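Student: Have a look at the structure that comes next, please.
There are 2 protein chains.
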Amino acid sequence: MRTTTQAADRRARAALSRLMEPSDWVGLALVAAVGALDGLRIATGEVKPGPELQAELYRLLNREQSRSQQGMLSEALQRWHPRIKDLDPDRDLATIERLGGAVLVPGDESWPVALADLELAEPLCLWSRGQHSNGIPPAERTVALVGSRDSTNYGNSATGDLAAGLTQKGYCVASGGAYGIDAQAHRSALAAAEPGHWPATVAIMACGLDRYYPAGNEELLRTVASRGLLLSELPPGAAPTRWRFLQRNRLIAALAGTTVVVEARWRSGALNTAHHAAGLGRPVGAVPGSIYSANSAGTHRLLRDGSAVCVTDAAEVAELAGPLDAGAAAEQQAPLSDHDGLSVEDLLLLDALPVRQGTTVEKLSAVAGLPMRTVLAGLGRLEIMSLAQQDSSGWRRQRRG
Amino acid sequence: MRTTTQAADRRARAALSRLMEPSDWVGLALVAAVGALDGLRIATGEVKPGPELQAELYRLLNREQSRSQQGMLSEALQRWHPRIKDLDPDRDLATIERLGGAVLVPGDESWPVALADLELAEPLCLWSRGQHSNGIPPAERTVALVGSRDSTNYGNSATGDLAAGLTQKGYCVASGGAYGIDAQAHRSALAAAEPGHWPATVAIMACGLDRYYPAGNEELLRTVASRGLLLSELPPGAAPTRWRFLQRNRLIAALAGTTVVVEARWRSGALNTAHHAAGLGRPVGAVPGSIYSANSAGTHRLLRDGSAVCVTDAAEVAELAGPLDAGAAAEQQAPLSDHDGLSVEDLLLLDALPVRQGTTVEKLSAVAGLPMRTVLAGLGRLEIMSLAQQDSSGWRRQRRG
Chain A
9 MRTTTQAADR
19 RARAALSRLM
29 EPSDWVGLAL
39 VAAVGALDGL
49 RIATGEVKPG
59 PELQAELYRL
69 LNREQSRSQQ
79 GMLSEALQRW
89 HPRIKDLDPD
99 RDLATIERLG
109 GAVLVPGDES
119 WPVALADLEL
129 AEPLCLWSRG
139 QHSNGIPPAE
149 RTVALVGSRD
159 STNYGNSATG
169 DLAAGLTQKG
179 YCVASGGAYG
189 IDAQAHRSAL
199 AAAEPGHWPA
209 TVAIMACGLD
219 RYYPAGNEEL
229 LRTVASRGLL
239 LSELPPGAAP
249 TRWRFLQRNR
259 LIAALAGTTV
269 VVEARWRSGA
279 LNTAHHAAGL
289 GRPVGAVPGS
299 IYSANSAGTH
309 RLLRDGSAVC
319 VTDAAEVAEL
329 AGPLDAGAAA
339 EQQAPLSDHD
349 GLSVEDLLLL
359 DALPVRQGTT
369 VEKLSAVAGL
379 PMRTVLAGLG
389 RLEIMSLAQQ
399 DSSGWRRQRR
409 G
Chain B
9 MRTTTQAADR
19 RARAALSRLM
29 EPSDWVGLAL
39 VAAVGALDGL
49 RIATGEVKPG
59 PELQAELYRL
69 LNREQSRSQQ
79 GMLSEALQRW
89 HPRIKDLDPD
99 RDLATIERLG
109 GAVLVPGDES
119 WPVALADLEL
129 AEPLCLWSRG
139 QHSNGIPPAE
149 RTVALVGSRD
159 STNYGNSATG
169 DLAAGLTQKG
179 YCVASGGAYG
189 IDAQAHRSAL
199 AAAEPGHWPA
209 TVAIMACGLD
219 RYYPAGNEEL
229 LRTVASRGLL
239 LSELPPGAAP
249 TRWRFLQRNR
259 LIAALAGTTV
269 VVEARWRSGA
279 LNTAHHAAGL
289 GRPVGAVPGS
299 IYSANSAGTH
309 RLLRDGSAVC
319 VTDAAEVAEL
329 AGPLDAGAAA
339 EQQAPLSDHD
349 GLSVEDLLLL
359 DALPVRQGTT
369 VEKLSAVAGL
379 PMRTVLAGLG
389 RLEIMSLAQQ
399 DSSGWRRQRR
409 G
């Protein structure tokens, strides 16, 4: 009985995902109010909505005070109407099964809990293809690497190094399957993943999963579908549109615990993803680049306005994401300099020590401007640290190492 | 009478600047407590300090609780003692005059008010050479450009563009006269300055102004001395030491209202200048660069830890510094895209419009998922915006421009 209900809910959500555009607020509020099954009946005109529903939708959305409540739902019904004739959820479910995929719905064990942060904008369902037997990698283990389609060699190198490094550290690399930075992120994650450590990468698409878009990425996306995961909130057959790309970006931001923009122009879809991530309170990183590269103008913009943290390697991204295990955190260590940890007086003394010919304690006292007693004590300390040495000519500098 | 006192104070401070290292806290507290003239008498042993002075120094420094008060001053006296025999302020004043320079002291009209932010660490005097007839440019009009001595071509280009742009905007470029970024900053400011708009640039040195250090910058520093300003808190003849470089950095930070690090390694003196500036509450900028360049590791570190704001051109530095006049502020404007300012519904409609062959309103309604009424109204709006057009085949996209 429970299984039957679940199957009916899944089927209804599959149908609704064709009827409604992503982030259709009235549609999402309708499902939140009455559930997917009754929502579908109302959306398709099978059941007439009562006045209590209008009030409930108004309450859920509570931001449409200017429009009449009646207008909001009836406009939505008009909007959905032209697509009712194309509804065939059984066909769509058969299509995704034939592709070795499935449709996930809230309540499924494999439904990503991180999507709940989207609140009302949580997708109705997720169409999925690929290595989903272990579920979708959790957000805290997923880093999105996003950026321009027309990436530079610099951007590709940076993406490749970050994706490989993050994969080796055990993170899953998510991106949008587009040309440029996205493709490089998927490709490098696939290359760096140990065989069997799947899904190696997750591509979150703005179209149905029966098509490979863009066409030039077909081979890459086929590999992602076999060794990684393809995800979309759109049913098979759905074409990508600008609206769907923008809404897809919110899914990337929500499925990844951390989003890093590697390269982006001043105005770029990747910045939209970064803003979604920031809106969800997730950490955002940006890779710096040349001030002469238009493809870094967007990342610099994020750094400048404080929306993103500067990240230059996989370790810094991992630090932003939070470590997967505490032992793995290795702080960047710079080589020690001669003068590290010296007191001011010992530093003055070190500066005063000649490099070649030795000198006397009296002369050191005058040159360094330190009392004799301090010079003598300091020379002792510097000698222990192998920074000063004494020979027949007097005291002089000793080079470390 | 007043003039005589001023001359005596100037002479005493000139002498003290040879006796004491920069930021000698006990020496600075001594001068703060009793003035430069009596301070010099005490420092040279001519006058014995009374017990009230010890208490006053203790109060001024209030951080040396572990050492006895007696010890603090007697240690300082020992430290100064070896240099007393070299004191000859009249000779030093004659030297700086022969070089066309002067020694400035607090109270002079041309004494930079911004140095007061250093509190007790305000220098005893400033030795000066060059175009100082108009005084030292005020901090709000001065930007420090600092960075690695071993700069890259990228760093030199960035420095050159920033220095030229800032000079053209009316800012004075300050730096430390060193190789690399410093030299490029001075050079480009000199090149960009209108004749007569002097000082074109200010070099703040860690040695006496009778010497050109480093030797390879002699010609540049001679030009700065003729068309710009050379400043130092050290008297003629003083050699540069690491301590003096570190203390010089505080003067750069204090004399410039804004400090920008163009290139810096992970550990670099330029970061020390940036930290001084941050400590003074002055804005700090950092120029991003390649993640593969060791010379940008330090600037990225500043960006990453939030000590600096990302700056990519002179306009952004000027924004950080605050405009010299309100009218000059020109916001960066990106070209408009087709979809800027469209409502969600018009965006959906624009996406649905075919580019080549026209289509019907009914088809647009189904493809866009919008009611007919909305499609018709939207087409009207898009037509007005020259984004949609109608011909015999129906409605299609019209490209802008």
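Sequence lines, in order, name chains A and B. Residue numbers for the first sequence follow my numbering, so the first one is 9 and each next one is one higher. Residue numbers for the second sequence follow my numbering, so the first one is 9 and each next one is one higher. For glycine and all other residues, C-beta sits at the position ideal for the given N, C-alpha and C. Remember, it's a predicted structure, so these values are computed and weren't measured experimentally.
1) Within 8 Å (strictly less), CB to CB, does V181(A) reach chain B?
2) What's the gap between the Cα of A323(A) and the Cα of G293(A)?
3) Based on the DSSP output, what are the partners of Q397(B) in its beta bridges?
4) So what's L61(B) in DSSP terms, helix, strand or just coil?
5) At a CB-CB cut-off below 9 Å, which residues of chain B make contact with V269(A)?
6) State the Cα-Cα distance for the pair D321(B) and S351(A), rounded to the nearest angstrom.
7) If you measure between the beta carbons of A233(B) and R106(B), is that distance less than 8 Å?
8) Thinking C-beta only, is G108(B) closer than 8 Å to P296(A)?
9) Can you tell me which of the three DSSP states S276(A) falls into?
10) Of the residues P203(B), G245(B), A193(B), A246(B), which one's Cα is nearest the Cα of L229(B)?
11) Looking only at C-alpha atoms, which of A22(A), G204(A), P145(A), G224(A) sits nearest to E241(A)?
12) A40(B) to I104(B), Cα distance in whole Å?
13) Apart from the five residues on each side of it in sequence, which residues of its chain come closer than 6 Å, Cβ to Cβ, to S159(A)?
14) Starting from the N-terminal side, write out each stretch of the alpha helix (DSSP H) that is 4 residues or longer and does not extend beyond the region 302 to 382 of chain A.
15) Considering only their Cβ atoms, is the gap separating L263(A) from T175(A) smaller than 8 Å?
16) Which residue spans inside the region 174 to 227 of chain A form an unbroken beta strand (DSSP E) run of at least 3?
17) How about Y187(B): is its C-beta nearer than 8 Å to some C-beta of chain A?
18) Taking the alpha carbon of D354(B) as the reference point, which residue from P331(B), G388(B), L328(B) has its own alpha carbon closest?
19) Could you say which of R235(B), I212(B), Y221(B), E391(B) lies nearest to P203(B) if we only look at CA atoms?
20) Does DSSP put G168(B) in a helix, a strand or coil?
21) At the level of alpha carbons, what is the spacing between A51(B) and L356(A)?
22) Check each candidate in T367(B), V383(B), L378(B), A376(B) and name the one with the smallest Cα separation from Q398(B).
23) Which bits of chain A does Q86(B) rub up against, with CB to CB less than 9 Å?
24) Which residue's Cα is closest to the Cα of W274(A): P243(A), S156(A), Y66(A)?
25) Quick check on I299(B) - is its C-beta less than 8 Å from some C-beta in chain A?
26) Between the C-alpha atoms of M28(A) and A15(A), what's the straight-line distance to the nearest angstrom?
27) Taking the straight line between their C-alpha atoms, what separation do you get for T382(A) and G184(B)?
28) I'd like the span of the beta strand (DSSP E) that includes L153(A), first residue to last.
29) Which first and last residues belong to the beta strand (DSSP E) in which W135(B) is found?
30) In angstroms with no decimal places, state the Cα-to-Cα distance between L38(B) and E83(B).
31) Within the present structure, is the beta-carbon of L36(A) separated from the nearest heavy atom of the ligand ADP by less than 7 Å?
32) Quick one, are the C-beta atoms of R91(A) and A374(B) less than 8 Å apart?
33) Could you tell me which residues DSSP puts in a beta bridge with G265(A)?
34) Given this structure, state the Cα-to-Cα distance separating Q139(A) from V210(A), to the nearest angstrom.
35) To the nearest whole angstrom, what separates the beta carbons of A285(A) and L310(A), a pair I think is in contact under 8 Å?
36) Is E271(B) helix, strand or coil by DSSP?
Tutor: Let me lay it out:
1) No, V181(A) does not count as interfacial toward chain B.
2) 12 Å
3) Beta-bridge pairing links Q397(B) to R404(B).
4) helix
5) Those within 9 Å of V269(A) in chain B number zero; the least Cβ separation is about 13 Å.
6) 39 Å
7) No; because the gap between Cβ atoms is not below 8 Å, this pair is not in contact.
8) no
9) coil
10) Of the candidates P203(B), G245(B), A193(B), A246(B), the one whose C-alpha sits nearest the C-alpha of L229(B) is A193(B).
11) A22(A)
12) 25 Å
13) The answer, listed in chain order, is G188, I189, E271.
14) 305 to 312, 322 to 329, 352 to 360, 369 to 376
15) no
16) 180 to 183, 209 to 212
17) Closer than 8 Å: no.
18) G388(B)
19) R235(B)
20) helix
21) A straight line joining the alpha-carbon of A51(B) with that of L356(A) spans about 19 Å.
22) T367(B)
23) S373, L378, P379, M380, R381, T382
24) When each option's Cα is compared against that of W274(A), the closest is S156(A).
25) Yes, because at least one Cβ of chain A sits closer than 8 Å to the Cβ of I299(B).
26) 20 Å
27) 31 Å
28) Per DSSP, the unbroken beta strand (DSSP E) holding L153(A) starts and ends at 150 to 155.
29) 134 to 138
30) 13 Å
31) Summarising the ligand content, the structure contains no ligands, and the ligand ADP is consequently not present.
32) yes
33) According to DSSP, G265(A) bridges with nothing at all.
34) 9 Å
35) At roughly 11 Å, the Cβ-Cβ gap does not stay under 8 Å, so A285(A) and L310(A) are not in contact.
36) strand
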